[in-house]
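For this note's numbering, count along the sequence shown from 1 and bump the result up by 13.
Even for Gly, the Cβ is constructed at its ideal location relative to N, Cα and C.
Here's the structure, in structure tokens; my notes come after.
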Amino acid sequence: MQRINVGLVGVGNIGNIHLISLAALKDSHLLDLDITALCDIDEEALDRAANLYDVPTTYGNYDDIVLDDDVDVIYVCTPTNRHSDIVKTAAEQEKDIFCEKPLAHSAPQARHLLGHVNGHNIRNGVGLVLRYDQLCLYAKQLIQDESLGKPMLAHIRDDQHFPIDYIYYSKWRGDKSIAGGGTLIEHSIHDLDLLRWLFGDVQDVFGRVSFFSEREVEDHASVTLTHTNGAVSTLDSLWHWIDRPNERFIELFFQEGYIAIDLGSDERYLKYHLKDERPARVSVEDANSVLLEELGLEEEELNKEQLQAITDVGPERYSALSYAFLKSVTEGEDTAPSFIDAIKAHQLVDAAYKSADNDRLITL
């Protein structure tokens, strides 16, 4: 596998999460990679990150990191309103691109970016990270087995402290001109992508949003999706002011089975119950084998550090996501989730906002 040099733009909260994951992949030799350069307009944060991750080169302007011949892949981890310019500039320099979610402020903007990367034959990935959560992958495998029967109903409740305070502190997520919106696009685009990934394509959307905090971005969204297979899924997304981390609870109902996934901060687990069988409980450790299978890895071929890098290093989903993306880049394979997946998630977000604005069902 060829060596790959990563340059990362934006060393804030999500940028540091990616740096932790990339460093783990590098140090464990799961991939032959190096974090070659960092970029941020905050000089103090930039110097701190460069020292912490031993990155030799720093830039204050994204044009410079994109023009760096030693950088093969650009990670875009900035606030959303800056994604477009960085992605287009990186594509013009024929750098492969990983961009955090949301990709843009709307589906048309996201399609515009896809046109740029396709025009330059650029491999691209996006930070829809729940697809690499062990428990979500385990659920996907159960669904594909078809022993659950036809899908009927899904529900996700996702709540988080308003991310301008507490452990998710950021200055920009309450500013619509930067973030594009509130809890629906900025946070629960993850959930809408997951619902489509698990239950299939969507034919219509109904949405409600609220502004309880009286800010310019919504702090509540309730969305109902009707899937093309007839199943219905619902999302309740909330930003509140309770001092607790992000909690996410998922329920999936089928004609002959049930799955519950708790992705909360205290203990993550999956439970499922098939017709005529006893209920079963699956821990993250139990589900690691499904993640390794998805990544094409064999546990017996990994040393302890490598196994930990993929399954147990901090925000482990991001390590798996980056491993899958960078492996696809080095091997010339298609990436997933890609900008195309992001566009489909953005279409659901856009439809939910349009439904809320017009108080009507939106057909896709």
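In the DSSP assignment, residue 249 falls outside any alpha helix (DSSP H) and lies within the beta strand (DSSP E) extending over 245-253. Check the Cα spacing between residue 118 and each of 134, 133 and 97: the tightest is with 97.
Across the set 90, 28 and 248, the C-alpha of 248 shows the shortest separation from the C-alpha of residue 265. By the criterion of a C-beta distance shorter than 6 Å, residue 334 is surrounded in its chain by 142 and 145, once the five residues flanking it on both sides are discounted. Per DSSP, residue 209 is one residue of the alpha helix (DSSP H) stretching across 202-212.
For residue 229, the closest C-alpha among the options 188, 109 and 51 is that of 188.
Beta-bridge annotation (DSSP): residue 70 is paired with 50. DSSP, reduced to helix, strand and coil, places residue 128 within a helical segment of the structure shown.
Distance from the CA of residue 368 to the CA of residue 220, rounded to the nearest whole angstrom, comes to 5 Å. Per the DSSP secondary-structure output, residue 237 pairs in a beta bridge with 219 and 247. Between residue 197 and residue 365 a beta carbon distance of about 6 Å is seen, short of the 8 Å cut, so the two are scored as contacting. Of the residues assessed, residue 154 falls on the exposed side of the cut-off, its CB having fewer than 16 other CB atoms within 10 angstroms. In the structure shown, residue 296 adopts extended strand secondary structure according to DSSP, grouped into three states. Cβ contact annotation for residue 44 (same chain, cutoff 6 Å, sequence separation greater than five): 38 and 339, in chain order. Between residue 147 and residue 293, the C-beta spacing is not below 7 Å.
Between residue 288 and residue 269, the gap from beta carbon to beta carbon is short of 7 Å.
Per DSSP, reduced to three states, the secondary structure at residue 31 is helical. For residue 348 and residue 186, the gap between their C-alpha atoms comes out near 28 Å. In the structure shown, residue 149 adopts helical secondary structure according to DSSP, grouped into three states. DSSP, reduced to helix, strand and coil, places residue 370 within a helical segment of the structure shown.
In this structure, residue 195 lies near residue 231, with their beta-carbon atoms less than 7 Å apart. Taking a C-beta distance under 7 Å as the contact criterion, residue 205 and residue 361 qualify as a contact pair.
If you look at residue 167, you'll find it in the beta strand (DSSP E) that goes 164-174.
Residue pairing for residue 283: DSSP places it in a beta bridge opposite 274 and 295.
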